[in-house]
Amino acid sequence: MDSSGPDIPAQLGSQETLGQRIRSLRLYAGLTQADLADALGMSRSAVAHWETDRDGRVREHLPRVAEILGVPLEVFLNGMATQDVAVELTIDEVDLLRLYRRLDVGERLAIQRSIARLLRRRGPGEEVA
Numbered sequence: 007m008d009s010s011g012p013d014i015p016a017q018l019g020s021q022e023t024l025g026q027r028i029r030s031l032r033l034y035a036g037l038t039q040a041d042l043a044d045a046l047g048m049s050r051s052a053v054a055h056w057e058t059d060r061d062g063r064v065r066e067h068l069p070r071v072a073e074i075l076g077v078p079l080e081v082f083l084n085g086m087a088t089q090d091v092a093v094e095l096t097i098d099e100v101d102l103l104r105l106y107r108r109l110d111v112g113e114r115l116a117i118q119r120s121i122a123r124l125l126r127r128r129g130p131g132e133e134v135a
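This is how it looks when you write it as structure tokens:
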């Protein structure tokens with residue numbers, strides 16, 4: 007059952023790289039790298055290169071990426087937006103978000119690392135619906 011979750015502000019840390027901003031907003035939009043790549047007519051590896059800041063040609067694609075992700079272009083340029091980015095959250099996602107927000111910074115980092123390890127164990131293309 008889908009629940010309309012709170013608007014998630016598109017204020018990313020000013021220390022985040024362009025690639026990290028693309029990744030964060032792609033995840034907020036609920037898209038995989040393959041989903042974004044398909045929408046752009048590009049390879050998944052191109053998106054992976056952008057997200058790891060290995061491709062200098064990403065800027066020419068930013069207007070279309072912003073459109074697909076439903077965010078203003080300025081989010082990619084300075085990490086801030088003058089509007090909120092609305093996302094639909096499932097009840098499970100709302101529960102996870104509530105629990106996550108109760109953690110301190112160190113605990114949040116530990117959870118993020120654990121999730122990253124779990125995802126790395128999965129082979130490429132093993133997305134869970």
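Going by this note's numbering, the sequence shown opens with residue 7, and the numbers climb by one from there.
Every residue, glycine too, gets a C-beta built ideally from N, C-alpha and C.
Relative to the C-alpha of glutamate 99, which candidate in Leu24, Gln26, Tyr34, Leu42 has its C-alpha closest? Locating residue 99 in the sequence shown gives position 93, where the first residue counts as 1. Nearest in C-alpha terms to glutamate 99, of all of Leu24, Gln26, Tyr34, Leu42, is Tyr34.
Leucine 79 by DSSP, collapsed to three states: which one? Position 73 of the sequence shown holds residue 79. It is coil, neither helix nor strand.
With 16 as the cutoff for other CB atoms within 10 Å, does isoleucine 28 come out buried or exposed? Here residue 28 is taken as the residue at index 22 of the sequence shown, counted from 1. If you draw a 10 Å sphere on the C-beta of isoleucine 28, you find 16 or more other C-beta atoms in it, and that means buried.
By how many angstroms is the C-alpha of leucine 24 removed from the C-alpha of valine 81? Working through the sequence shown from its first residue, we reach residue 81 at position 75. Working through the sequence shown from its first residue, we reach residue 24 at position 18. Their Cα atoms are separated by approximately 9 angstroms.
When the distance is taken between beta carbons, is leucine 95 closer than 7 angstroms to leucine 31? Stepping through the sequence shown from its first residue, residue 31 is reached at position 25. Stepping through the sequence shown from its first residue, residue 95 is reached at position 89. Not closer than 7 angstroms, so no.
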